[in-house]
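Visitor: I have a structure here, written as structure tokens, and I will follow up with some questions on it.
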Amino acid sequence: MATSTVNQNATLASIIQQRREAILAEWLREMSGATRRSDLMKESELQAQCGQFLDLLARASETGTNAQTAAYEPLREMLMDTSHVRAQKGFTPRETAMFVFSIKRPLFTAIREAHSKDAVAMAEQMWSMTELLDSLGLYTTEAYLKSREEVIRRQQEDMLELSTPVVKLWEGILALPLIGTLDSARTQIVMESLLEAIVQTNSRVAIIDITGVPTVDTVVAQHLLKTVTAARLMGADCIISGVRPQIAQTIVHLGINLLDVTTKATLSDAFGLAMQRAGFSFVRSDKKESKRDN
Amino acid sequence: MERIPILRMGEYLLVTIQVDMHDRLAMTLQDDLTNRISETSAKGVLIDISSLEIVDSFIGRMLGNIASMSRVLDADTVVVGMRPAVAITLVELGMSLTGVRTALNVDAGMDLLRNSLDARKDALYGSRIH
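Line by line, the protein sequences give chains A and B.
So for the first sequence, the working numbering puts the first residue at 1; every next one is plus one.
So for the second sequence, the working numbering puts the first residue at 1001; every next one is plus one.
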């Protein structure tokens, strides 16, 4: 039994080697139907990829048709690379997977021609080929998803860095306008950048503006309180501003204790308080009076 | 044995921690500082931890304890110059050092001590002076 499998696999490799050109031509024609994206990839590039795939498949199938074995390592690597490139170029998952699946028809034609007299061997070989190609196709999709996730993760990181600006409002007064949902990772970065800025600018008051935070739940409140406490440990006062009516309601309903923290409805209220604490006072020059003087 | 120097500046004591604190050093500091406060009857203590890079829960508790002890001995305590990383660590450890006063740097800390001492004197002698 074992020898017959090896023989059969050897035929598979030899089938591919003997009819390489025919399979390649038919495969390319197959792909030019539904899944060919000439706007995203050049004809010659695709041809080179297909040729490489066939060669690697022929070499790997000499040892068996299990795609998980070490013999298929180069093939898997090649598929990983092509999926990665296709994900970046904007191919859909379907188009990427069809790169592998569209080889079925040309390969099956080749197998049928080779085994025209032996129906049992033909069925056997077609079955193992289907299994192999399916698992390779799934592998392609997996690799495609992996590279898309990579892209998403990188974008998330970029957003984290972009979304935590610390602005200096006045001598010794910082503001941190928060936009978007606060999660643990983001709070960590917010906290770090705020504390660094406090040290650098020697600020005594920091205003955390949460106008742009859509929801405040217990976790977010916990994060905010941590930031306020850390700033206090360093010797800076924190004021939370931009508390919207709904958020005030949620905070009270959730039983979050914000009594130790100064909260203000708007950033301007908070700024006024901060100026007062930093020892500044405003004087409004009266327009009418100044006109009379002139 | 290693010791952390305690400097006297008028009515205040100045402690600058410039080495990494280990447990025994913290205990010695606690001893020395309470002794010095009662010897000199200092009215304020300023602890500068701007060189302290590593804290654990023990050191955090020590800082809180020292502040409470000084208050019992009638001296205000201000902890100044805590680094961001140290502050984050303490918060993550769940130690907010409630009751300890803090300031950004020695300057701000001295201001705080002077103001609170003035307020205390006003409260004590205010009625007689005015």
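Positions of the beta carbon are idealized from the N, C-alpha and C atoms, including for glycine.
1) So, A:Leu160 versus A:Ile189, is the Cβ gap smaller than 9 Å?
2) Run down chain A in chain order and give the residues with a C-beta less than 8 Å from the C-beta of B:Pro1005.
3) Three or more C-beta pairs closer than 8 Å, one from the stretch 1018 to 1031 of chain B and one from the stretch 1054 to 1074 of chain B: is that the case here?
4) Using three-state DSSP, classify B:Ile1037 as helix, strand or coil.
5) Check each residue of the stretch 1073 to 1089 of chain B: if its Cβ is closer than 7 Å to any Cβ of chain A, include it; give the result in chain order.
6) Anyone know if the C-beta pair for B:Gly1109 and B:Val1079 falls short of 9 Å?
7) Could you compute how far the alpha carbon of B:Met1009 sits from the alpha carbon of A:Leu267?
8) Going straight from the alpha carbon of A:Phe280 to that of B:Lys1043, what length do you get?
9) State the beta-bridge partners of B:Arg1101 as determined by DSSP.
10) In whole angstroms, what separates the C-alpha of B:Val1055 from that of B:Leu1093?
11) By how many angstroms is the C-alpha of B:Ile1006 removed from the C-alpha of B:Met1069?
12) Would you say A:Leu132 and A:Ser61 are within 9 Å of each other, going by their C-beta atoms?
13) Within its chain, find whatever has a CB closer than 7 Å to the CB of A:Gly212; leave out the 5 residues flanking it on each side and keep chain order.
14) Using beta carbons (cut-off 9 Å, strictly below), is B:Asn1065 in contact with chain A?
15) Would you call the stretch 105 to 117 of chain A and the stretch 147 to 155 of chain A touching, i.e. three or more CB-CB distances under 8 Å?
16) Does any CB atom of chain B fall closer than 9 Å to the CB of A:Asn202?
17) Between B:Gly1044 and chain A, is there a C-beta pair that is closer than 9 Å?
18) Which same chain residues, not among the five before or five after A:Ala13, have their C-beta less than 7 Å away from its C-beta?
19) Of the residues that make up the stretch 247 to 272 of chain A, which ones have a beta carbon closer than 7 Å to any beta carbon in chain B?
20) Since A:Lys264 and A:Ile239 are thought to touch, with beta carbons under 8 Å apart, how far apart are those beta carbons, to the nearest angstrom?
21) Give me, in chain order, the residues of the same chain whose beta-carbon lies closer than 8 Å to that of A:Met1; leave out the 5 immediate sequence neighbours on both sides.
22) Going by C-alpha to C-alpha distance, which of A:Leu174, A:Val166, A:Thr11 and A:Ala231 sits closest to A:Ser128?
23) Does the distance from the C-beta atom of A:Arg204 to that of B:Leu1104 stay below 9 Å?
24) Report yes if the CB atom of B:Pro1050 is closer than 9 Å to the CB atom of B:Arg1083, and no otherwise.
25) Tell me the DSSP bridge mates of B:Ile1049?
26) Quick check on B:Ala1119 - is its C-beta less than 9 Å from some C-beta in chain A?
27) With distances taken between CB atoms, is the gap from B:Ile1047 to B:Ile1017 smaller than 9 Å?
28) So, at 7 Å on beta carbons, what are the nonlocal neighbours of A:Asp269 in its own chain, with the 5 sequence-adjacent residues on each side left out?
29) Measure from the C-beta of B:Ser1096 to each C-beta in chain A and report whether the shortest distance is under 9 Å.
30) Taking B:Tyr1012 as the reference, give the member of B:Tyr1125, B:Asp1122, B:Ala1123 and B:Ser1116 with the closest Cα.
31) Let's see if you can read the secondary structure: which residues bound the alpha helix (DSSP H) around A:Glu89?
Guide: From the atom records:
1) Yes; because the gap between Cβ atoms is below 9 Å, this pair is in contact.
2) Neighbours of B:Pro1005 on chain A: none; closest Cβ ~22 Å, over 8 Å.
3) yes
4) helix
5) Val1080, Met1082, Pro1084, Ala1087 and Ile1088
6) yes
7) 41 Å
8) 29 Å
9) B:Val1078
10) Distance between B:Val1055 and B:Leu1093, taken at the CA atoms: about 10 Å.
11) 16 Å
12) yes
13) Pro177, Leu178, Ile179 and Gly180
14) no
15) No: the two stretches stay apart, fewer than three of their Cβ pairs being nearer than 8 Å.
16) Yes, contact with chain B.
17) no
18) Ala58, Ser61 and Glu62
19) none
20) Right, their Cβ atoms sit about 6 Å apart.
21) Caution is warranted here: a pLDDT of 39 is assigned to A:Met1, below 50, making its placement in the model unreliable, and no coordinate value can be reported.
22) A:Thr11
23) yes
24) Note that residue 1050 of chain B corresponds to Ser in the displayed sequence, not to Pro. Their beta carbons are under 9 Å apart, which means B:Ser1050 touches B:Arg1083 by this criterion.
25) DSSP, once it has assigned bridges, lists no residue as partnering B:Ile1049.
26) no
27) yes
28) Ser241
29) yes
30) B:Ser1116
31) Residue identity differs from the one stated: residue 89 of chain A is Lys in this sequence, not Glu. Glu73 to Lys89 is the extent of the alpha helix (DSSP H) around A:Lys89.
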